[in-house]
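Residues -17 to 262 (this note's numbering) are what the sequence shown spells out, left to right.
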Amino acid sequence: MTISGLGAAVVTGAVGGLGRAIAVALHADGWNVLLTDVDADAVATAAAPLGGWSRPLDVRDESACADVAAEAAAAPGGLGLWVNNAGILVTGPSWAHDAPTRRAVVEVNALGAMNGTLAAVAVMREQGRGHVLNVVSLAGLIAAPGETVYAASKHALLAFSLGTLSDLRMAGVRGVHVSCLCPDGIWTPMLHDKLDDPGALASFTGSLLTPERVAARAVRLARRPRPVVSLPRWRGAQVRLLDAFPRLALALTPVIRATGRAGQRRQARRVRGNPSPPRL
-17 MTISGLGAAV VTGAVGGLGR AIAVALHADG WNVLLTDVDA DAVATAAAPL
33 GGWSRPLDVR DESACADVAA EAAAAPGGLG LWVNNAGILV TGPSWAHDAP
83 TRRAVVEVNA LGAMNGTLAA VAVMREQGRG HVLNVVSLAG LIAAPGETVY
133 AASKHALLAF SLGTLSDLRM AGVRGVHVSC LCPDGIWTPM LHDKLDDPGA
183 LASFTGSLLT PERVAARAVR LARRPRPVVS LPRWRGAQVR LLDAFPRLAL
233 ALTPVIRATG RAGQRRQARR VRGNPSPPRL
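Pasting the structure below:
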């Protein structure tokens, strides 16, 4: 592993997609990045060009998160940043998912991020400094139709993140920060098979972001913490307005459906027009 004056940065779900992009961007910015994922072999391969520091991690395992935090804290510079990125997406009406599926989404997206946050905060409070960056999604700001269970898990993570930040300040802890990054739909493997999925329409209502763009914003946020950042900013304002007026949001459901379907078709044309495989 490399040594960074910024200390160690842990990234969960770092094998591909956004997690991999964030790890690459943090490494380029000078962080000593510890890549984690449930797939030990895949995360070791992903970490090889970034200093080779990786660990298998199931974020649902509270003690395993604590072990990773302790390992990062022992590195030069201590644990400076923990990025909770690991997540899973399921689409369709809320009644379409069985109990194990609902449980898995909540355990990974919400409880898993809570485990990582608390493991990091325990170390950071001792250090007197540190930053937890939780990748939430715009779905954490509004009940996205077709992604109801996913949105519920992200709403829980947003509330937990902001509440934990308030708890830290009430306890007199000023040097430990918690930030939430809420990006619009990102063209990663999470959406690659959703171009014909009516349950995923909400993710295609805006302009799809690249993992690199979101990762670049994550790096800036890592250096300058803020409680909630949406990307793009105008989309955050838009969904917050709809969330404030639920009857308006319900009335606009046909418009949202049509806009999302048009977005899916537009992205499908782009993918078919590009013979190269999509970047992970």
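Positions of the beta carbon are idealized from the N, C-alpha and C atoms, including for glycine. Small disclaimer: the values here were computed from a predicted structure and weren't measured.
For residue 18, the enclosing beta strand (DSSP E) begins and ends at 14 to 19.
Cβ neighbours of residue 105 within its own chain (closer than 6 Å, five residues either side excluded): 51, 55, 61.
For residue 154, the closest of 110, 178, 141, 128 by C-alpha to C-alpha distance is 110.
In the DSSP annotation of this structure, the continuous segment of the alpha helix (DSSP H) that includes residue 216 starts and ends at 215 to 226.
Here residue 108 is exposed: its Cβ has fewer than 16 other Cβ atoms, across all protein chains shown, within 10 Å.
By a beta-carbon distance limit of 8 Å, residue 184 contacts residue 127. Their separation comes to about 6 Å. Distance between residue 29 and residue 156, taken at the CA atoms: about 32 Å. In this structure, DSSP gives residue 165 an extended state, which the three-state scheme calls strand.
Inside the region 74 to 106, DSSP marks whole alpha helix (DSSP H) runs of 4 or more residues at positions 81 to 88, from first to last along the chain. A direct Cα-Cα distance of roughly 7 Å separates residue 32 from residue 9. If the five residues before and after residue 166 are omitted, its C-beta is found closer than 6 Å to the C-beta atoms of 120, 188, 191, 217, all from its own chain and listed in chain order. The alpha-carbon separation between residue 175 and residue 158 amounts to approximately 38 Å. When secondary structure is reduced to three states using DSSP, residue 191 falls in the strand class. The three-state reading of DSSP puts residue 210 in strand, counting E and B together. Taking a cut-off of 8 Å for Cβ pairs, the region -11 to 9 and the region 72 to 89 do not touch, as fewer than three such pairs fall below it. Secondary structure note for residue -9: its beta strand (DSSP E) is the uninterrupted segment -10 to -7. By DSSP's assignment, residue 113 forms a beta bridge with 63, 159. Here the alpha carbon of residue 34 sits roughly 7 Å from the alpha carbon of residue 26. Residue range 36 to 38 is occupied by the beta strand (DSSP E) that includes residue 37, with no alpha helix (DSSP H) assigned at that position. Residue 162 holds the alpha-carbon nearest to the alpha-carbon of residue 213 among 162, 96, 15, 237. In the DSSP assignment, residue 42 falls outside any alpha helix (DSSP H), carrying neither H nor E.
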